[in-house]
Amino acid sequence: MQDLSNADCIVIQGSNMAECHPVAYQWVTEARLKGAKVIHIDPRFTRTSATADKHIPIRAGSDVVLLGALIKFILDNELYFKEYVVAYTNAATLVNEDFQDTEDLDGLFSGYDDELGSYAPDTWAYASSDGEGDESPGTIGGPAAGHEHGQSQSERSAGDQHGSGGPALEHARVLRDETLQDPNTVFQILKRHYARYTPEMVADTCGINVDDFNYLAKAVTENSGRERTTAFVYAVGWTQHTLGAQFIRTAAIVQLLLGNMGRPGGGIMALRGHASIQGSTDIPTLYNILPGYLAMPVAGLHDTWEDYVGAIGNKEQKGFWANADTYAVSLLKAWWGKAATAENDWRFDYLPRLSGAHGTYQTTMAMLDGEVEGYFLLGQNPAVGSAHGRMQRQAMAKLKWLVVRDFNMIESATFWKDGPEIASGELTTEGIETEVFFLPAAAHTEKSGSFTQTQRMLQWHHQAVQPPGDCQSELQFFFELGRRVRELLADSTDERDRPLLDLTWDYPADENGDPDAEAVLAEINGRHLTGDKAGQPLSAYTEMKADGSTDGGCWIYTGVYADGVNHAADRKPGQEQDLTALEWGWAWPANRRILYNRASADPEGKPWSERKKYIWWDEEQGRWTGHDVPDFVPDKAPSYRPEPGTGGAAGLAGDDPFVMQADGKGWLFAPKGMLDGPLPTHYEPQESPVRNPLYAQQSNPARKVFPRKDNLWSPSGDEPGADVYPFVFTTYRLTEHHTAGGMSRWLPYLSELQPEFFCEVSPELAAERGLENGGWATIVSGRAAIEARVMVTERMTPLVIRGRTIHQVGLPYHWGVGGNAVVSGDAANDLLGVALDPNVQIQESKAGSCDIVPGRRPTGEALLRLVAEYQSRAGSTVMTGNELRTGHPESTPDTRGG
Amino acid sequence: MDPKKTLLSWPVVRQLRSGDFLGRGPSVTSARTRGLEPRTSTADKVVQSVCPYCAVGCGQRVFVKDGRVVQIEGDPDSPVSRGRLCPKGSASEQLVNNPGRQRKALYRRPGGADWEPIELSTAVEMIAQRFVESRRRTWQDHDEHGRPLRRTMGIASLGGATLDNEENYLIKKLFTAAGAIQIENQARI
């Protein structure tokens, strides 16, 4: 975070950092005081814009066009960092001759399967060294264990597995043309792909004029290179789209071309919104991954241990993912202890198998279908915070039992008596058969444990007081639940209960008799199990073995408990350290603060410049050294060249800085891993008043859609009925509230500061619709109608898109309908439908279509009639917006669910 | 006349003598004001913590007196936040102490019109029983091709982004061993 102050230019896009991460913003302010240029690109003018050198308003969902144009500008004007690009990225790598671009296929890449609505990615692979097809061992682009189709990868949300490195490749032999002239090089493909992303296209798609684009392009390129670095900052304004992962990929291409990755003041900073949302991804409470980004096994793909190990990290690929078997065995040993042996494949058979997408939205729909009996809510309020609040509440009404663990009586705990569906008459309290348990939770001051903050740093918080009344930590509750479940099954002879009964579940008690959080951290870190060091903590994940002699619950966290010391609790004051502050907390992996920092030195190991010196090769010591923990094999010389074909960390050359990538290079072009294309391409949001100006293909053809009567969409572009919902709405957060309000709307201080739900509209839109500042407005989408106070403000800029004015409406989403909070109000997320990014199954909540009219919404049945009347006027059917292929005469409606 | 009140205690004289010429400082304080001390200086102990709201991870100092949190302030030692907190972080004492906070377990029976009190231990036992029963009813050994599934699709969970790593670890471990796979959190949203 502090490293932002080293930047010479900072582009904040898809984030309102000054208001949503205000304390981190001090580092942007520091950079600016030192002369850095700060540019804020956002639909709204906010406090971030007010403190930036320039605010550039953008139409929500059009970011790939703007960043794609930046790529074109860099390539056309030869402003890329040539030595960095040739040595450290895959620009010179040759791609399969069969690859076809969206420019060739009007918005599709080669390999699209109309039947499945997803891609077979084989043609995106790197070219093979023997000139044969991609089945030969010369191809590294194919999946390591067979050619897994995008449909299957999407269902297991395979994109999430790249949270700590790139996808597996079969081996590390590639063909390269370092002159970058071969038409099949990534570099030339990139040039052709973005050829039409011109400043004029930016004006016509994003609503950004040519001067503003040139300002951005100049600022970013003038502040990149040997002497200078530019940083990008984003938040959920980039992720919550049907091509959200590709927004971030586009920024990654810009940063690799400009040589800004792995260097001080560079990189792409993800600003996450919850205290341990990074931690809950690393040690995932997510369906598709195991701790440390190991895949959850999938039926049919990973039926045996051999299948699984081959798929997660091939021994012949470069880098540290080649050791994935040691990480997986250590995890299974941590969970099943002595019961996990080489003979029984470490109890790999104890892991449940996926057979499709089982994300939170698919689970919600399964609840509606009566397939889910019990649901735990652990500090989360989906009735307000998830997309399509109506669907969430109606789904919970179908459960047999629900456990809500929270501080306060959130709307998800009380929907059965005071939810909007009770008010509208759709549900009745006595008709809801759900049994609800409310269990009060302990606060951060009432328990010890670690949060992992947004830059991968674990920080321990110490228990200050005892939890009051019945309040319990999740550690207490789940330890106790596990104990009781095991007790109930203790006499079972059923084979299905073995994984629970064999589970290691014996944590020592702390001084209060509760499970000791530090003992859990020690298990996560891992131990030696045999030999002289038996029982001692591991110091680094490189010590993990695949022979059962080590355990460890999350390999990327190994080292946090090195030598038996809780390094998450390291607290040497910042003022006694340099800016990197390695002795405050502990960052994974290996306490490294900037990833891929080998790239901060040139191929010979010398700093690119004195000004941007960070990690370098110390010839005398024969080691890498500098201001951070080097992200490289510590004694591998820059001149080192492995025998061709060597796999694993030994296969990395002395100038391969991207040590978690299977070829050691930063990927401009992703031969594998992205399910909606190897290069980011602009598609319109699921709902958009604008037709895609680049391709007949309107929206991401690989997105996940759910054609259902309770999930109708507005027609888009020039489809009839699109004018019924003529405006764009986008949701956001305020400084004074926290997501769905569970930790803020019950606090009098914060409720007083932001008491009421409101919508932001421009004076022009207010005049057009007769909206009065301080009055009421009703906002109608294809799913719901809600009411909000009107704030008329010039902070909202009407954008001119190809001669037509597009208005955007801003909606903070913190409020919900219920009787218990200090402040309540309609929930903006009720307006949203469910359509997902195929890589990570995240919903599109930053861009939707709506209408806005003056006055309060009707109540009771009249509210339902209003929504239905709009749907009927727009002619929306279950197929509206759900045809994956568009603009092609041969295209047929898609009738399957996601 | 109060013998302690002399000419010297006249307000104007007090102002002049103490250098408080505008009469807004010590010359006008009451005995009660003079006796006030900040909660931070009378605390029994100060505990280092981390803000529970967003992911910046600002350092907090938790001031405790008589087993109760009396104040939470920014930790100046933190190299990330350097002592600063935003409005949410500054309000976190109220997150802990707010009178509306639920401190008791509650139960709503199927079709019930309102909450009923329940013993925590009874509630946890009932949940454990329902967990085991739902798991049994919805168990899947194999898919239609005979490939192992070894799971239940009848139990789901949402939440974790506000919890500790150690808590997420136990949640994932227990649910995975039980065969429950629909375990999700805010990171998907």
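Residue numbers (our numbering), protein chains in the order written: chain Y, 1 to 898; chain X, 899 to 1087.
For glycine and all other residues, C-beta sits at the position ideal for the given N, C-alpha and C.
These numbers were taken from a predicted model, which means no experiment stands behind them.
Alpha carbon to alpha carbon, how far is residue j from residue i? Give it in angstroms, no decimals.
i	j	result
V967 (chain X)	E576 (chain Y)	29 Å
Y80 (chain Y)	W416 (chain Y)	58 Å
C952 (chain X)	N344 (chain Y)	43 Å
W321 (chain Y)	A601 (chain Y)	23 Å
A662 (chain Y)	V1022 (chain X)	47 Å
C471 (chain Y)	R1028 (chain X)	21 Å
A464 (chain Y)	V960 (chain X)	7 Å
T892 (chain Y)	P671 (chain Y)	In this prediction, T892 (chain Y) has a pLDDT of 42, which is less than 50 and means its spatial position is unreliable; nothing more can be read from the coordinates.
I786 (chain Y)	D826 (chain Y)	6 Å
A144 (chain Y)	L301 (chain Y)	Residue placement at A144 (chain Y) is poorly supported in this model, since its pLDDT is 37, which falls under 50; the coordinates still yield a value, given next. Going by the C-alpha atoms only, they are around 12 Å apart.
H737 (chain Y)	P1046 (chain X)	45 Å
N223 (chain Y)	K613 (chain Y)	16 Å
Are the beta-carbon atoms of residue i and residue j separated by less than 8 Å?
i	j	result
K704 (chain Y)	A60 (chain Y)	no
S1032 (chain X)	K400 (chain Y)	yes
E902 (chain Y)	G881 (chain Y)	Residue 902 (chain Y) is absent from the structure shown; chain Y starts at 1 and stops at 898.
Q946 (chain X)	R789 (chain Y)	no
I842 (chain Y)	G313 (chain Y)	no
Y350 (chain Y)	M544 (chain Y)	no
M674 (chain Y)	G166 (chain Y)	no
L1061 (chain X)	S276 (chain Y)	yes
V823 (chain Y)	P755 (chain Y)	yes
Q466 (chain Y)	E446 (chain Y)	yes
R939 (chain Y)	A441 (chain Y)	Beyond the ends of chain Y as shown, which are 1 and 898, falls residue 939 (chain Y); an answer cannot be given.
I1053 (chain X)	E772 (chain Y)	no
R885 (chain Y)	H814 (chain Y)	no
Whose C-beta lies closer than 6 Å to the C-beta of residue i among residues of the same chain, with five residues either side of it excluded?
i	result
Y293 (chain Y)	Q161, G163 and S164
G133 (chain Y)	With a pLDDT of 38 at G133 (chain Y), under the threshold of 50, the modelled position of this residue cannot be trusted, and the question is left open.
V11 (chain Y)	I39 and F232
F45 (chain Y)	H55 and R795
Can you tell which of the options has the C-alpha that lies nearest to the C-alpha of residue i?
i	options	result
G848 (chain Y)	Y:E764, Y:S716 and Y:R802	Y:S716
R1048 (chain X)	Y:G803, Y:F232, Y:P297 and Y:V236	Y:P297
H241 (chain Y)	Y:S699, Y:T877, Y:E83 and Y:D723	Y:S699
V23 (chain Y)	X:G957, X:R912 and X:I1016	X:G957
R1001 (chain X)	X:F1029, X:R1007 and X:L1018	X:L1018
R393 (chain Y)	Y:G379, Y:T730, Y:E772 and Y:E426	Y:E426
Q455 (chain Y)	Y:V520, Y:G513, Y:T550 and Y:T281	Y:T281
F932 (chain Y)	Y:M201, Y:S224 and Y:N223	The structure shown does not extend to residue 932 (chain Y), since chain Y spans only 1 to 898, so no value can be given for it.
F706 (chain Y)	Y:L836, Y:M796, Y:T304 and Y:E756	Y:L836
W505 (chain Y)	X:E1042, X:L1068, X:L993 and X:L1004	X:L1068
P1008 (chain X)	Y:T93, Y:E435, Y:G553 and Y:A587	Y:E435
P854 (chain Y)	Y:Q476, Y:L378, Y:L765 and Y:L286	Y:L765
V809 (chain Y)	Y:R802, Y:L521, Y:V800 and Y:V792	Y:V792
Within a Cβ cutoff of 7 Å, which residues of the same chain sit near residue i, ignoring the five residues on either side of it in sequence?
i	result
G146 (chain Y)	With a pLDDT of only 44 at G146 (chain Y), under the threshold of 50, the placement of this residue in the model should not be trusted, and no figure is reported.
D502 (chain Y)	W336 and A339
T239 (chain Y)	I842
Q153 (chain Y)	L675
What residues in its chain sit with their C-beta under 8 Å from that of residue i, if we drop five residues either side in the sequence?
i	result
G664 (chain Y)	A172, K318, G319, G651, L652, A653, D656, P657 and F658
K1070 (chain X)	I1081
Residues of the region 404-438 of chain Y with Cβ closer than 8 Å to any Cβ of chain X, in chain order: From the region 404-438 of chain Y, only R405, D406, F407, N408, M409, W416, K417, T429, E430, G431, I432, E433, T434, E435, V436, F437 and F438 have a Cβ closer than 8 Å to chain X.
Contacting positions in the region 1026-1040 of chain X - beta carbon closer than 8 Å to chain A: Checking the listed chains, one finds no chain A in this structure; the protein chains it contains are Y and X.
Contact residues within the region 913-935 of chain X, judged by C-beta distance below 8 Å to chain Y: none
Near-chain Y residues of the region 1056-1075 of chain X - C-beta to any C-beta below 7 Å: L1056, G1057, G1058, A1059, T1060, L1061, D1062, N1063, E1064, E1065, N1066, Y1067, L1068, I1069, K1070, K1071, L1072, T1074 and A1075
Chain X contacts made by the region 727-746 of chain Y, where a contact means CB separation under 8 Å: T735, E736, H737, H738, T739, M743, S744 and W746
Residues, ordered as in the chain, of the region 1014-1025 of chain X that lie near chain Y by beta-carbon distance below 8 Å: I1016, L1018, A1021, V1022, E1023, M1024 and I1025
Residues of the region 257-288 of chain Y with Cβ closer than 8 Å to any Cβ of chain X, in chain order: L271, R272, G273, H274, A275, S276, I277, Q278, G279, S280, T281, D282, I283, P284, T285, L286 and Y287
Where the region 315-349 of chain Y meets chain X: residues whose CB sits under 8 Å from a CB there: W335 and D349
Cβ-based contacts, 8 Å cut-off: residues of the region 374-398 of chain Y near chain X: G374, Y375, F376, L377, L378, G379, Q380, P382, G385, S386 and A387
Residues of the region 948-975 of chain X whose Cβ lies closer than 9 Å to any Cβ of chain Y, in chain order: V948, C949, P950, Y951, C952, A953, V954, G955, C956, G957, Q958, V960, F961, V962, G965, R966, V967, I970, G972, D973, P974 and D975
Residues of the region 535-558 of chain Y whose Cβ lies closer than 8 Å to any Cβ of chain X, in chain order: Cβ contacts with chain X come from G553, C554 and Y557.
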